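Everything on this sheet refers to the single structure shown next.
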Amino acid sequence: AYQADQKQTSSSIRPSDDARVPIRGTVGSSNVQPNGGSMAIVPSLFVTVLQEIGRLCNSKVEFRSTVSTSKITQFSVEVLFSNEKIGNGIGKTRDEAQVQAAEKALQNLQS
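First residue of the sequence shown: 1, per this note's numbering; consecutive thereafter.
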């Protein structure tokens, strides 16, 4: 169920040179945070947007994670879009690494 204070948003991500896929989603109070008068999207939204792009393109989006157990535990996550690596991230938690990987993947899809 969606909350009454949510706004409808739309943006475009270009998955290929000849096709544009409109992305429409709902951004509610749980997905935005005040940031000095402007609004900043919560990082976990990157994962959701990437999964939605995959769904709209009928493409598989997969997150593969590994753990490095040296003195400091670090997580590494790769994003695969139709079995092609399009982003990676490293973080102190799996979620942090996944969000970073999803953000980089979205940046790569835009370019």
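The beta-carbon is built from N, C-alpha and C at its ideal position, and this holds for glycine as well. Predicted, not measured: the structure shown is a model, and the values here were computed from it.
| query | result |
| --- | --- |
| By the three-class DSSP mapping on this structure, what secondary structure does T48 have? | helix |
| Using the beta-carbon count (16 or more within 10 Å), is Q110 buried or exposed? | exposed |
| Quick check: is any heavy atom of the ligand PLP less than 7 angstroms from the C-beta of E103? | No copy of the ligand PLP occurs in the structure displayed, which carries no ligand at all. |
| Buried or exposed: which applies to I72, given that a residue is buried once 16 or more other Cβ atoms fall within 10 Å of its Cβ? | exposed |
| Can you check which of these residues, R55, E52, S59, F63, is closest to Q98 by C-alpha distance? | F63 |
| Can you tell me whether V67 is buried or exposed, with buried defined as 16 or more other CB within 10 angstroms of its CB? | exposed |
| State the DSSP-derived secondary structure class of N88, mapped to helix, strand or coil. | strand |
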